[in-house]
Amino acid sequence: MSMSILEPSRELPVQGAFDVIVAGGGIAGVTAAVAAARNSAKVCLLDKQSALGGLATLGNVTTWLPLCDGMGRQVIGGMGEELLKLSATGPRRGRTPACFRDIPPCWLPGGDVKERANTRYLTEFNPASYMLALEKLVVDSGVRLMYDTRFCALRREAGRVSHLIVENKSGRFALACGAVVDATGDADVCFLAGEDTESLDSNVLCGWFYTLRNGELEIQYLSNSFCPRATRAGGTGPFFRGDDGGQVTDQILKTRDLVRARLSGLRAQHPGEDVQIILPATMACFRMTRRLVGRHTLCEEHMHQWFDDAVGLAGDWRKAGPVYALPLRSLRAVRTPNLLAAGRCISADTTAWDMTRAIPVCAVSGEAAGTAAALAVRHAGSDVDALPIRVLQRQLESQGVLLDPSLVKPGGKPGG
Ligand SMILES: Cc1cc2nc3c(=O)[nH]c(=O)nc-3n(C[C@H](O)[C@H](O)[C@H](O)COP(=O)(O)OP(=O)(O)OC[C@H]3O[C@@H](n4cnc5c(N)ncnc54)[C@H](O)[C@@H]3O)c2cc1C
């Protein structure tokens, strides 16, 4: 049997033209698409799944990590804060499950500012209501949403991405684009555009899920131990790359075995109680798979360092104090002027990815990438490099993005 076949070339219909196409509808993709639409771009958001939110909803990763630096200073505003507020369950009526946590009162308007140094600005949300809310936000923003649509290939013209080639129930077709945001989590677009990418093989078995125990909703944080520096050191194997088709299924199947084992363990631990699984993760849960190697690779050394092309800030969810500025160069593709990455596949090395992959930081890079893409199409012939950085920064600030260099400095005033 021959080990390869030649796929016949064929003519593809072009089924739409957009200023900005966002591939992937996780938190980064949602923020990118909505930000681009709010900047007057005609936007298409496509996702291979049938719901928005990616890992945050389909993966049950329902902790919206902090918008603050742990010293009382808020460092993320803009859509990072808007989407955190959207995740909040609102005023408690009756018995709200302990696994849903609202915005801490000190972070509400008029809250105790001094308390902010002790209590981080985060939520724990309901994935089902959140996916409905994200969908409404996207549709109401005028974004053309395409579910069950997988990005498969691209066409380049004069060095740019001119079309994304996708497949869904209608078959294979092309979408013309002015600019593209790769929010696939796996840098699929960057990879197929011929950009340098790096893949990590240190993903472990994991998949959070919900149970009902005697009618009480609980979340089960199921994960083998992993190394926050994305190496196999200290992790519990087996290990996986998320960019290998066979391994994706293998990771899901082996994780489901762990789920069954955890359920048996819970039942043994609580004899006589009714323990039911109600919501397993419905997408592969990989923390870090493939990412762009951009012009600037963010790393731990850049903590407290301001960049002239900063497009957002981020704290560190693991400890109080560190603040990072995210430079546009970590989002920009190197060889393709109209391509940006957003979310967990931006250019960050293994010392920084555990910070850049956090949901709020994905929202920061998503808003920056979507805004940059829309402005580049409108003002710079789709060339992100030709867009003056101050124009982008001013626009982001007008959207509520925090871009104050003094916030990046260490030792912020509590409550400031
Ligand atoms: C077990 C685990 C625990 C975590 N814990 C936390 C936590 O407590 N708090 C926190 O803030 N972060 C946590 N994270 C990290 C965080 O969940 C993710 O990094 C973040 O949600 C990634 O968002 P994203 O939009 O970049 O990517 P994703 O959420 O992965 O979204 C990518 C989207 O792109 C779509 N897609 C992919 N390829 C294609 C394609 N070719 N065509 C079309 N669509 C495509 C996918 O369907 C998906 O919807 C955790 C992650 C894991 C795995």
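In our numbering, the protein residues as written are 1052 to 1467.
No residue lacks a Cβ here, since even glycine has one placed at the ideal position from N, Cα and C.
- In chain order, Thr1140 place their CB closer than 8 Å to the CB of serine 1180, counting only its own chain and leaving out the 5 sequence neighbours on each side.
- Residue pairing for alanine 1204: DSSP places it in a beta bridge opposite Ile1216.
- DSSP, reduced to helix, strand and coil, places serine 1192 outside both helices and strands of the structure shown, so it counts as coil.
- Rounded to whole angstroms, the separation of the alpha carbons of valine 1299 and valine 1442 is 41 Å.
- For valine 1112, the shortest C-beta to heavy atom distance toward ligand 1 is below 6 Å.
- Distances between the C-beta of glycine 1345 and the heavy atoms of ligand 1 are all 6 Å or more.
- Counting along the chain, the unbroken alpha helix (DSSP H) around serine 1315 starts and ends at 1296-1320.
- For arginine 1341 against aspartate 1237, the beta-carbon gap comes to about 5 Å, under 8 Å, which counts as contact.
- In chain order, Asn1254, Gln1298, Gln1302 place their CB closer than 6 Å to the CB of phenylalanine 1291, counting only its own chain and leaving out the 5 sequence neighbours on each side.
- The three-state reading of DSSP puts isoleucine 1328 in strand, counting E and B together.
- For glycine 1363, the enclosing beta strand (DSSP E) has its first and last residue at 1361-1366.
- Placement of the Cβ of arginine 1152 at a distance of 6 Å or more from every heavy atom of ligand 1 is found.
- Setting aside the 5 residues that flank it on each side, valine 1428 is surrounded in the same chain by Asp1070, Val1071, Ala1092, Gly1229, Ala1230, each with a C-beta closer than 7 Å to its C-beta; the list follows chain order.
- Secondary structure at valine 1071: strand, using DSSP grouped into helix, strand and coil.
- Placement of the Cβ of alanine 1107 at a distance of less than 6 Å from at least one heavy atom of ligand 1 is found.
- Rounded to the nearest whole angstrom, the CA to CA distance from valine 1194 to alanine 1319 is 48 Å.
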